[in-house]
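Heads up: the structure comes next, in structure tokens.
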Amino acid sequence: MQEGDLFTTPSYAIPHSNVSSPQLAPQPYQAPSQRQGSSLDSYRDEPENVGYPPASPVASGLLLPGGAASQAGYSAYPGNPLPQNAYASRYNGADSPYVPGRASADQRRKRRLIGLAAVMGLIIVAAAVIIPVYFAVIKKNNSSKATSATSSNPSSGSPSSSGDPGGGEKPTSAITGSDGSTVLTADGTSFVYKNQFGGFWVDDPSNPFLNSAAPNSWTPPLNQSWTWGKDKVYGVNLGGWFVLEPYIAPALFQKYPSAADEWTLSTMMRADGTLESTMENHYDTFITEQDFAEIAGAGLNWVRIPIPFWAISTWADVGQDVTSATVSEPFLEAVCWKYIIRALNWARKYGLRVNLDLHTAPGSQNGYNHSGKQGQVNFLNGPMGVANAQRMLDYIRIVIEFVSQDEYKDLVLMVGIINEALLRTIGRDQLTSFYLQAHDMIRGITGYGTGNGPYISIHDGFDMSLWDGFLPGSDRIILDTHPYFAFNQQPNTAPIGLSSDPATAGGVWPKQACDSWGPGISASQTAFGVTVAGEFSNGYNDCGLYVTGVNGSQTYGGDCTLFLDSASWNASMKAGLMQFSLASMDATQNWFFWTWKIGAAANGIVGAPLWSYKLGLENGWIPPDPRKAIGVCTGLGAGQAEPFDGTYSAWQTGGAGAGTIAPSASAKFGTWPPVSIANVEAASLKAMPTYTPTASITTLTYATPTAKVAVPSPSIGLGNGWKNAGDKTPAMTAVAGCVYPNAWGALTLQAPAALSSCTGA
7 MQEGDLFTTP SYAIPHSNVS SPQLAPQPYQ APSQRQGSSL DSYRDEPENV
57 GYPPASPVAS GLLLPGGAAS QAGYSAYPGN PLPQNAYASR YNGADSPYVP
107 GRASADQRRK RRLIGLAAVM GLIIVAAAVI IPVYFAVIKK NNSSKATSAT
157 SSNPSSGSPS SSGDPGGGEK PTSAITGSDG STVLTADGTS FVYKNQFGGF
207 WVDDPSNPFL NSAAPNSWTP PLNQSWTWGK DKVYGVNLGG WFVLEPYIAP
257 ALFQKYPSAA DEWTLSTMMR ADGTLESTME NHYDTFITEQ DFAEIAGAGL
307 NWVRIPIPFW AISTWADVGQ DVTSATVSEP FLEAVCWKYI IRALNWARKY
357 GLRVNLDLHT APGSQNGYNH SGKQGQVNFL NGPMGVANAQ RMLDYIRIVI
407 EFVSQDEYKD LVLMVGIINE ALLRTIGRDQ LTSFYLQAHD MIRGITGYGT
457 GNGPYISIHD GFDMSLWDGF LPGSDRIILD THPYFAFNQQ PNTAPIGLSS
507 DPATAGGVWP KQACDSWGPG ISASQTAFGV TVAGEFSNGY NDCGLYVTGV
557 NGSQTYGGDC TLFLDSASWN ASMKAGLMQF SLASMDATQN WFFWTWKIGA
607 AANGIVGAPL WSYKLGLENG WIPPDPRKAI GVCTGLGAGQ AEPFDGTYSA
657 WQTGGAGAGT IAPSASAKFG TWPPVSIANV EAASLKAMPT YTPTASITTL
707 TYATPTAKVA VPSPSIGLGN GWKNAGDKTP AMTAVAGCVY PNAWGALTLQ
757 APAALSSCTG A
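Be aware that the sequence shown starts at 7, since it is given in our numbering, and climbs by one per residue.
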């Protein structure tokens, strides 16, 4: 499907009933000040200064007990010996005979006494530094884990072989480093950690759950609380890593020119026998440990990691197609999970908090290529809409059980339960019913209130204002909005490279970002609660290799050649993009840039440079310090709504009232499945195909890729993957003997009235 098709209903969306079908594409979001005018905010692709004391080795050279950093920049427990006195080593000993120019024995004795006093002074100073840091950072981390196992949730089901999942009071061999330290990786390579913001890393392979690291001086270490309204999210997405997108990993798709999405690509690679080897190589190399180190070094403090449901499982039979052939999901099943665990380990090592985002859903929640399969929307839409939603709830449940364990609850602070579900196709009431069902299921696992499981992130469906007043009394739900100009169906030809002077750089685009996004996001902080921009980019137009899909077309009104290779960009172009990125950051306040890295195409060139934070950081159009964005919109004279004062209602952040949803909301949205489904006649609702909860539930476990060099094995318990031992409900599966319509293509298949035998309990 081409970008131009987004606002028309394609033939496959014609319902099997006489009910008119909502269009598959969303209307672009309009900021409050723009709702009567042109839209300035839309979806990503075609259907597609509060400082924290730096508990860091930077000032003292010390973090963990053990003395000064080694020559490699490490400080290990137990400590390294003090360096030898270089001056005295030139001689054959302190008692060597007097020679001309050498001090007398008395003088030497005095110097030794002075030296001894100096050493004692250093020891006292070192102790004064080490002991507070140890008790404030390392010991706090371990002791907090020891207590949380007994105080958090009495139904916790995460026993570990060594008792305390965090290692308790046991001494560790943790290694730490700051700016200039050398990091040795599990693949046998090394790199120098560069961080000028007071960040430091902490790593102990024998205890992979230390939460002592911090990415910079203004972000609390992982073992200290994150405070919404006070701490700011400066984040980046790791898109295209575990969920493929053509413009992020173009070389993979260029080998198979007819592949438009991961479904088709997987089918073709499976046919030629390269699926597992190709995908494992991509998972292993596309993002590396050094990327995480560079993210921390760039002044960022969060990562959003999109993951697919096939990290958990796939189904070999999702129904029959129009030819009565059985349809199997072709994705590589469960292989990427160990790389996701490694990614979580790297995030922890560098002090980066994680937003784990379920980016795909069975049947597709939006018809975009990054949902797994481009085309139809079969999640909560059409005859298989409820069945696909039932299955999605199981995947959410499995992920929540894993990340809510004590080992991960201070690392994974946010879980996006479904990415970019199309509100205007599915319906707000239907999505709200699903979100309420998911909320109650999640909090039944985690318990209610601060510290009990992650925040639940829901996407706004490309209309942020529709979620004002959502589920009052719910427990810690975040609204995720994705503001983009690139897909607003406008030519967007206004130049951005007008001047290298920051005061005038960027043309109209910086102020337009401030005016279009700032007021709405600020208002949502009060009207909804915690609101973040889970995605935005420097893409002010839709140019770039595969940005609108493999066979997509652009709405940009000019020649896209300039935007296919950044090598030709001059100082004015870079300055304009810099100012646009700063304005976007200031307008959105809490943000995740999409995306950290764009892979090179087959010709070795990054063909969508507007979308790469890493490339912009290296070449001067992304700020090396995101705090430079503060106040940019004010400086531009941009229109602002009433500024958000940083204070949320207590229930919105897990305080008093959290989990006491208003009865009116429960009455309206508490029925599951929803009382109506788009593209299903009311008379057919009770006969819709559904699944039955009779299968064994999958449990995720701790596993990482095999290291290429010898590293110590964890010496502590790793958790059992299941937070709540009381959660024993079986998983959804097909009703025995039932033949279902293709769950990914049911909109064009027979009506559900003929499938009454497929209704589960």
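Ideal Cβ positions, reconstructed from N, Cα and C, are used throughout, including at glycine.
Once you ignore the five residues that flank residue i on each side, which residues in its own chain have a CB closer than 7 Å to its CB?
| i | result |
| --- | --- |
| A749 | V324, G325, P368, G369, N384, M390, A393 and N394 |
| S480 | H445 and I667 |
| L281 | S272, M275 and L338 |
| D466 | W473, L485, D486 and T487 |
Within its chain, find whatever has a CB closer than 6 Å to the CB of residue i; leave out the 5 residues flanking it on each side and keep chain order.
| i | result |
| --- | --- |
| A635 | L588, M591 and D592 |
| D267 | N375, K379 and Q380 |
| T659 | W234 |
| Q495 | T561 |
| W207 | G183, A219, K355 and Y356 |
| Y552 | P252, Y253 and P256 |
| K517 | L642 and A644 |
| F315 | T366 and Y401 |
| D193 | K714 |
| W627 | K580, L583 and M584 |
Does DSSP put residue i in a helix, a strand or coil?
| i | result |
| --- | --- |
| G751 | coil |
| Y240 | strand |
| R768 | No information on residue 768 is available, as it lies outside the stretch 7 to 767 that the chain covers here. |
| S439 | helix |
| G297 | Residue 297 is actually Asp in this sequence, not Gly. Helix, per DSSP. |
| E602 | It is Trp, not Glu, that sits at residue 602 in the sequence shown. Coil, per DSSP. |
| T487 | strand |
| F315 | helix |
| D363 | strand |
| S506 | coil |
| M420 | strand |
| F259 | helix |
| M275 | helix |
| T659 | helix |
What does the alpha-carbon distance come out to for the pair residue i and residue j?
| i | j | result |
| --- | --- | --- |
| W2 | G582 | The chain is shown only over 7 to 767; residue 2 falls outside these bounds and no answer can be derived. |
| A299 | E413 | 21 Å |
| P501 | F599 | 22 Å |
| T754 | V686 | 12 Å |
| R482 | D278 | 46 Å |
| G540 | T487 | 6 Å |
| C744 | D565 | 53 Å |
| K779 | V239 | Nothing about residue 779 can be reported from this structure: the residues present for the chain run from 7 to 767 only. |
| C764 | Q443 | 22 Å |
| G545 | P615 | 9 Å |
| D631 | W343 | 32 Å |
| S530 | Y619 | 26 Å |
| T431 | N387 | 7 Å |
| A713 | T698 | 41 Å |
| D548 | A492 | 5 Å |
| G433 | Q260 | 36 Å |
| A709 | S212 | 14 Å |
| I527 | T594 | 6 Å |
| S559 | L428 | 21 Å |
| T696 | A740 | 8 Å |
| G107 | G305 | Low confidence applies to G107: its pLDDT is 35, below 50, so where it sits in the model is not reliable, and the reading given next is rough at best. When rounded, the distance between both Cα atoms is 53 Å. |
| V341 | I313 | 12 Å |
Going by beta-carbon coordinates alone, are residue i and residue j separated by less than 8 Å?
| i | j | result |
| --- | --- | --- |
| L642 | S578 | no |
| Y441 | I464 | yes |
| N307 | R359 | yes |
| F534 | W473 | yes |
| T404 | V421 | With the sequence shown as reference, residue 404 is identified as Ile, and Thr is not the correct amino acid for it. No. |
| N243 | N229 | no |
| G550 | Y253 | yes |
| D363 | N425 | yes |
| A644 | G524 | yes |
| R310 | N351 | no |
| A519 | F586 | yes |
Which same chain residues, not among the five before or five after residue i, have their C-beta less than 8 Å away from its C-beta?
| i | result |
| --- | --- |
| A302 | N201, G205, W207, P221, N222, Y356, G357 and L358 |
List, from N- to C-terminal side, the alpha helix (DSSP H) runs of 4 residues or more that fit wholly inside the stretch 318 to 348.
none
Restricting to runs no shorter than 3 residues, where is the beta strand (DSSP E) found entirely within the stretch 201 to 239?
207 to 209
Which ranges would you report for the beta strand (DSSP E) in the stretch 538 to 622 if only whole runs of at least 3 residues count?
597 to 599
Continuous beta strand (DSSP E) assignments of at least 3 residues falling wholly in the stretch 676 to 724:
698 to 701
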